[in-house]
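To start, the structure itself, in structure tokens.
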Amino acid sequence: MTTIACLVLSTGKELLRHRVRYRENFPLTLSAEPPAIDVRWNHDENGHPKDAKTRQRFADRKLYIAIVRQLEQERGITEGYGLSPVLQDSQRQHLASAMRLYQSGKPGWYAKVLQEISKDG
């Protein structure tokens, strides 16, 4: 379990900090490049990351979503807007990650993220 997930589980206050600080994206320790702008050789033929650390990061993301969902249920946030559905929306997360990477100056073909979204949408 990641440190941030432990903090969320133990205090519950991190959930609110997370929403403000990360603008409804994963904490930076759990961030990953959207597959559309990552290099092809980092993924297998099914689009899954080859690197063990990246695979673990995605497993930690699933755990993080489960913890956030549990806290939402405990607080009665089950209808309407919630953080866990936003975190589960991979297209939204890919777009948010691409925007963060662009702002930090990372070179990439950002239009590919939009093309992926428009293909699936």
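Each number in the working numbering corresponds to the 1-based position in the sequence shown with 193 added. In this text, a Cβ means the ideal position worked out from N, Cα and C, and glycines have one as well.
{"Item": "Residue 220 in three-state terms, based on DSSP", "Value": "coil"}
{"Item": "Where residue 278 sits in the DSSP three-state scheme", "Value": "helix"}
{"Item": "Span of the alpha helix (DSSP H) around residue 252", "Value": "245 to 267"}
{"Item": "Minimum C-alpha distance to residue 263 - residue among 277, 250, 253", "Value": "277"}
{"Item": "Segment limits, alpha helix (DSSP H) that includes residue 287", "Value": "283 to 296"}
{"Item": "Residue environment, residue 289, which counts as buried when at least 16 other CB atoms sit within 10 Å", "Value": "buried"}
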